[in-house]
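Protein chains in written order, with the working numbering: chain A, 1401 to 1666; chain B, 1401 to 1666; chain C, 2 to 281; chain D, 12 to 318; chain E, 7 to 291. Reviewing the structure listed below.
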Amino acid sequence: MKDTLQQNLPVIEARALGLTFQTGDGPVDALKDVNLTVEKGDFVSFIGPSGCGKTTLLRAIAALEHPTSGTLTVNGMTPDEARRKRAYGYVFQAAGLYPWRTIAGNIKLPLEIMGFARDEQEARVKNVLQLVDLEGFGKKYPWQLSGGMQQRASIARALAFDADILLMDEPFGALDEIVRDRLNEETLKLWARTNKTIVFVTHSIPEAVYLSTKIVVMSPRPGRITDVIDSPLPRERPLEIRDSRAFIEIAHRVREGLRAGHSYED
Amino acid sequence: MKDTLQQNLPVIEARALGLTFQTGDGPVDALKDVNLTVEKGDFVSFIGPSGCGKTTLLRAIAALEHPTSGTLTVNGMTPDEARRKRAYGYVFQAAGLYPWRTIAGNIKLPLEIMGFARDEQEARVKNVLQLVDLEGFGKKYPWQLSGGMQQRASIARALAFDADILLMDEPFGALDEIVRDRLNEETLKLWARTNKTIVFVTHSIPEAVYLSTKIVVMSPRPGRITDVIDSPLPRERPLEIRDSRAFIEIAHRVREGLRAGHSYED
Amino acid sequence: MSWLIFAVVFWLVAWGVNSYAARVAGRNRWVRLFVPTLFGITVLVVWEAVIKGLQVSPIILPPPSAIGAKLASSLPVLWGDLVQTFFKGALSGYLIGCGAAVLVAVAIDRSPFLQRGLLPVGNFVAALPIVGIAPIMVMWFGFDWQSKAAVVVVMVFFPVLVNTVAGLSASDRMQRDLMATWGASYWQGLWKLRLPAAMPFIFNGLKIAGTLALIGAIVAEFFGSPTRGMGFRITAEIGQLGLDMIWAEIAVAALAGSAFYGLIALIERGVTFWHPSQRN
Amino acid sequence: ADDVTLQLKWVTQAQFAGYYVAAAKGFYEAEGLNVTILPGGPDVAPTQVIAGGGADVVVDWMPSALAAREKGLPLVNIAQPFKSSGMMLTCLKESGVATPADFADKTLGVWFGGNEYPFLNWMSTLGLKTDGSAGGVTVLKQGFNVDPLLQKQAACVSTMTYNEYWQVIDAGIAPEDLVTFKYEEQGVATLEDGLYVLEANLADPAFEDKMVRFVRASMQGWKYAEANPDEAAQIVIDNDATGAQTIEHQKRMMAEIAKLTAGSNGALDEADYQRTVDKLLAGGSDPVISAAPTGAWTHQITDKALQ
Amino acid sequence: MNRLLPILTVVAAIVVLWYGAAVWLNGPWVQDQAARAGVTVSGMDFVGQTMTQDRPVLPAPHQVIKGLYDGVAGQAITSKKSLIYHGWITLSGTLLGFVIGTGLGILLAVGIVHNKAMDLSVMPWAIASQMIPIIAIAPMLAVVMNSLGASGIVTKAIISAYLSFFPVVVGMVKGLRSPDAMQLDLLRTYSAGEATTLGKLRLPSSMPYLFASLKVGIAASLVGAIVGELNQPAGLGARLLSGSYYGQTVQIWAALFAAATMAALLVVGIGRIETVTLRRMGMAR
Ligand SMILES: Nc1ncnc2c1ncn2[C@@H]1O[C@H](COP(=O)(O)OP(=O)(O)OP(=O)(O)O)[C@@H](O)[C@H]1O
Ligand SMILES: Nc1ncnc2c1ncn2[C@@H]1O[C@H](COP(=O)(O)OP(=O)(O)OP(=O)(O)O)[C@@H](O)[C@H]1O
Ligand SMILES: Cc1ncc(C[n+]2csc(CCO)c2C)c(N)n1
Ligand SMILES: [Mg+2]
Ligand SMILES: [Mg+2]
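The following block contains the structure:
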């Protein structure tokens, strides 16, 4: 009974959300009047020009920023409560691995903090390393891995403790197109396999269209949502889908949305 | 007579070029057996996965690295002579503005070094600032500008002294798609207007196809050229050209070339 | 006893006020001045109260009130000593030492060979204890401020040299490559790129040297001086247990030293305004 | 055994031979005392050490002891093993100083830290200004050695008959090339190396008894040292922790020290005391004491120790 | 080899200059002595005499080396003339003070990083504290410590600690603040407390800063110990002073070089520990 209730409740719900930063040159409206509903199992992408508030919105969901108006609930709780219940796996734009820990050590970090038993830790590390195709690299240090491998390790770290909600802030921004394509595929597979809710920030239109069930187009000054596109693409998506008519159409709609919201000065 | 001779001479000519770095773990073949001819007025793009030697090749052309085998001539001279004749405008991947100088001061810097007269300097700064849409920002310091504006300032700096050859190393890597699109358009316009020779490094297939008259596909370990594609696209290119069949075909060929040269490990 | 209780209570109250002020308005300029000031006052009050409470003899440690009184009544003497030790000895030595260090750094900048040879030797020389150098300098340069300046020169030279050399290679490769693509000469590159880029490092060295200069000059006076100067006064007063005067000199030294440091930091702010650490 | 801590005014050398001899020869032990001797140095003010409770009894010169007394530290002289002063000014003949009248416009090295008062007093009796004005003398705070003289940075420097003077000689300057002015002969001598304790402690009979035994054994040590200078010098060497002293130098020093202790049985001569006080009161521009002290000395200990 | 060659070249240049300076500075004395004896010296005789004096203004390098050799190898190490004996006394005070100073510095830095009020109030006064001429305080401190019954080594160690805590505070505050916002946010998404953040992020990432300041700190510690020894009977500081007191320039220079060598060895030692630690932490490349 309780389970069903949870199922029906939106995982993330923002109502008239606003967030204003107080800075030296006066207040900056990073988010204004944002309304958004994310259901369990959704793959949501935020796309928009630099400075439109994508990161801020993601951080607000993870309780790393505090909204100045409106309401934001996660699993029916405040984001802060959800954070304390360890609901989030967060993947930052750069890999952000701790250089003094091995790859396995990095993945173990959240597990140590959350007090998992030692052999449980080992088992999980092994498991997620396999998931991101990094078996055998556990004992390496981050700088001994290529950028793409580091990024995968940081995703493994976010997956290790099985948070319900995976928040990813431009995780593939620093990678080249080929590697990026492959990681996109892997991410989709992972999502299909685990049925997590994923919120994903990107600059890239093809990436957003390829990955998402829901594309949120944002525009800056003040940061707001200008379009929410529910993708008609099927859940299984080979790379070739990017040459399909449906794909190109959505991409076009996203591009138009972006262009509309884009002001000239930067 | 002399002019015609110059016209016919290739601007950049590499024959069996090789460049090996001596590193702690033994030699690294950054470039091997590279043959390339660039004519006056060409827009050449280097594309390839990370580490394939794009930057190294560009730096060799600018005499910032010294080839270990083969020959490389620029305007019939060695790259070093060409450098001393101030043949190059170089735009690095990051903006690389000097933080203790204003934007105008940064643009003025090469002019000071090359000994332009003071009012000539002012005039040129004004001119290029206009060209990259940064009028009114001359007195600002670099950190007071957004990343995209900084990148444009660094392009302005490379343009200010009217070098024949513009070398650009992933100049738009750090920018979002919309800004990037616009700068791509601007770059094309500039190229059309000035008839400079431009050598351009990028990770992005659409960017390479959109901009270039000649696309050089490279692959790593050792860095070499796997394909040189002469673009059939016309010199005038609206953004919409990217949805054309010809465009998609070239893009496909580039992608295939890249994938062939791409190994799995990173 | 009641004095001790007073000390503890005062300390707790001041600490509370400071914590509150820092938490509520830590960004406010006045609060940023107020908090350390209150902290300093607290130290003085606690010092005074502990001396009263434990009845410490003023011959061992005088209370701040006595030091303050002595300071106020001996201003001309203190000023004369400050001129002799700080302005003549420390400051001239500081300027000569730092200036020479920067020049030498530029001179050896083109020679990696010299750098690799000079820096380890420099570190070794910098490790020579001043208490050993000071008598030698007095022997070489006489009793007046010149020998004090010489000690200061020796003390400040290497920290500034090491930092400047590090700073001169601090510009990143891209910035240097830019200069190369423009065909800039060595001096153009030095003047327009590497010196400005070195400034944060140079100032780091200048600040370290700033904490050393005054101390060096005072210490040198222990090994011979004319009959004025802060170090002279301290040795002369110890013989008649003039502890209040000694502490007055120490207070002046701390004040002058901190002011000097503050001045360097201020100039640094102006010169390296562009550096991220100055922008917060 | 009763513990006694003695703070010396200067580093371990034959200047303090009596105490080291008394310890080495078991004179203290025989009196039931366990004596700890703390060497001093330029960085140690004995007055401050005793004020801080770091010593029961200190060796100090009377000017600095009286100055401390006026500053509120009630020191009392309980014994005076040194009869005469060893202080003098040593000048290079070539600097043109032959008599005190030649000091004018010369540079003179002086020890500060409490030792400058006899000098200032002397200069004021000579009518020479010490503030650097023309016709006066230029005063240098001399360091711990005689280099200023050797380097000709000063015409004269302060020396002790038993120590620094011989360093000048050792450096290779012949005695004929030097001119010396002993304070004793100039009539400006003050009492050196006396034993001082805190006044309040003297009221305690146990402490008094301890000091009686201490002074008795110390004087026994001094007389033994006078009689056996070479052995005394060796004892001093054995006690020098810095390893800087040489036996030749200490033998010579012992011989000179013996001249200064010769006239004393340990008891303070009231006339010497009065002379010292008069000198200090006369002072220079800035007299070291402003009023004649009372109770600054006692025969209480020596009377019992020497009977 | 190619690391040693430049150093040797510079050292050789310094030695040459040094000999020149020795002739120049010791020359007047030779001439004065000759004048007093009524003879004249010239040429090689003169040069030779400038380098063989007992109390030279500047001892020639070989005199200093001989002094060092005599002090190190020419004595039983328990002898009071042994530089090893005195060096050991100084070293023990240095190390004790260094441990105290470093501990205090790290604690203060942790306090400054975690407490805004401490951040605002401590720094300016820590700077001011370093402006106090320690040599003026040392004798008074010795008296106070003495009356509290502390032994000589503790007094020395306190001065050492006083000089070494400052670089450690400055470096550690920087180091503890070196994690970037993203690294801190990561731990926040794990809902980690301040203690966890300190242990798992701030401390490990401050290691390079810590070692840099430890190197400065140990050198400062040594200076402190030497200053503290000026009123103690033994140690390199006492050796320096007694050398100065008796005008034994060679002894001063020998003690000076012994101290500097010790500082250099200590710094190199910390460098070794740094390399090993950072390698084991995977931070050395
Ligand atoms: N801590 C902060 N203080 C003040 N302003 C901030 C802060 N963080 C973000 N902002 C401002 O809020 C706006 C939104 O920033 P945000 O980082 O969310 O943009 P974004 O969409 O993630 O951009 P990008 O694609 O460049 O990462 C920007 O104008 C930014 O300058
Ligand atoms: N200074 C150097 N010393 C040693 N190896 C180097 C050096 N510069 C580059 N390399 C190596 O040469 C190869 C080519 O590097 P290059 O920077 O040209 O690649 P790239 O194609 O520009 O890659 P990216 O897209 O990541 O910028 C790489 O393997 C790199 O590690
Ligand atoms: C800083 C200082 N300098 C000189 C003396 C004078 N003094 C007193 S006893 C003694 C030993 C003589 O060999 C000397 C030189 C001093 N007390 N303090
Ligand atoms: Mg962002
Ligand atoms: Mg590159």
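Glycine included, every Cβ here is placed at the ideal spot set by N, Cα and C.
Please decide whether residue i counts as near chain E, where near means a Cβ-Cβ distance under 8 angstroms.
{"i": "A/Glu1665", "result": "With a pLDDT of 44 at A/Glu1665, under the threshold of 50, the predicted position of this residue should be treated as unreliable, and no value is reported."}
{"i": "D/Asn156", "result": "yes"}
{"i": "A/Leu1464", "result": "yes"}
With a CB to CB cut of under 6 angstroms and the five nearest residues on each side skipped, what residues in its chain are close to residue i?
{"i": "E/Gly158", "result": "Gln238"}
{"i": "A/Asp1666", "result": "Only weak support exists for where A/Asp1666 lies, its pLDDT of 43 falling under 50; the value from the coordinates is given anyway. So the list is empty, once near-sequence residues are dropped."}
{"i": "A/Asp1442", "result": "Thr1597, Thr1613, Lys1614"}
Would DSSP call residue i helix, strand or coil?
{"i": "B/Gly1453", "result": "coil"}
{"i": "B/Met1401", "result": "The predicted position of B/Met1401 is uncertain, since its pLDDT is 41 and thus under 50; a value taken from the coordinates is nonetheless stated next. Reduced to three states, the DSSP call for B/Met1401 is coil."}
{"i": "D/Ala185", "result": "coil"}
{"i": "D/Thr110", "result": "coil"}
{"i": "E/Val116", "result": "helix"}
{"i": "A/Ala1416", "result": "strand"}
{"i": "D/Leu19", "result": "coil"}
{"i": "D/Asp71", "result": "strand"}
{"i": "E/Gly277", "result": "helix"}
{"i": "B/Lys1345", "result": "Since the first and last residues shown for chain B are 1401 and 1666, residue 1345 of chain B lies out of range."}
{"i": "B/Asn1435", "result": "strand"}
{"i": "B/Phe1516", "result": "coil"}
{"i": "A/Gly1426", "result": "strand"}
{"i": "D/Val60", "result": "helix"}
Got a sec: is the Cβ-Cβ distance from residue i to anything in chain A below 8 angstroms?
{"i": "E/Lys72", "result": "no"}
{"i": "B/Ser1546", "result": "yes"}
{"i": "E/Ser153", "result": "no"}
Take residue i and list the residues in its own chain whose beta-carbon comes closer than 8 angstroms to its own, dropping the five residues that flank it on each side.
{"i": "D/Pro304", "result": "Leu77, Arg80, Glu81, Val288"}
{"i": "E/Leu134", "result": "Note that residue 134 of chain E is Ala in the sequence shown, not Leu. For E/Ala134, where only same-chain residues beyond five positions count, there are no Cβ hits under 8 angstroms."}
{"i": "E/Trp24", "result": "Leu64, Ala66, Pro67"}
Give a yes or no on whether 8 angstroms exceeds the smallest Cβ distance from residue i to chain C.
{"i": "D/Val150", "result": "yes"}
{"i": "D/Phe123", "result": "yes"}
{"i": "B/Arg1483", "result": "yes"}
{"i": "D/Thr58", "result": "yes"}
Taking only beta-carbon positions, decide if residue i is within less than 8 angstroms of chain B.
{"i": "A/Thr1404", "result": "The predicted model places A/Thr1404 with a pLDDT of 44, which falls under 50 and marks its position as unreliable; any figure quoted below should be read in that light. No, its Cβ sits nowhere closer than 8 angstroms to a Cβ of chain B."}
{"i": "C/Leu191", "result": "no"}
{"i": "C/Gln116", "result": "no"}
Would you say residue i touches ligand 2, meaning its beta carbon is less than 7 angstroms from a heavy atom?
{"i": "B/Thr1456", "result": "yes"}
{"i": "B/Ser1450", "result": "yes"}
Any beta carbon of chain G sitting closer than 8 angstroms to that of residue i?
{"i": "C/Thr165", "result": "Within the model displayed, chain G is absent; protein chains A, B, C, D and E are what it includes."}
Step through the CB atoms of chain D and report whether any lies within less than 8 angstroms of the CB of residue i.
{"i": "E/Val29", "result": "no"}
When you measure from the CB of residue i to every non-hydrogen atom of ligand 1, does any distance come out below 7 angstroms?
{"i": "A/Thr1468", "result": "no"}
{"i": "E/Leu100", "result": "Sequence inspection shows Thr at residue 100 of chain E; the Leu mentioned does not correspond to that position. Flag unset: Cβ of E/Thr100 not near ligand 1."}
Is any heavy atom in ligand 4 found nearer than 7 angstroms to the beta carbon of residue i?
{"i": "A/Val1599", "result": "no"}
Apart from the five residues just before and just after residue i, which ones in its own chain have a Cβ nearer than 7 angstroms to its Cβ?
{"i": "C/Ala171", "result": "Ala198, Ala199, Phe202"}
Inside the region 38-78 of chain E only - alpha helix (DSSP H) runs reaching at least 4 residues: 49-56, 67-78
Every unbroken beta strand (DSSP E) inside the region 1541-1600 of chain A [3 residues or more]: 1565-1569
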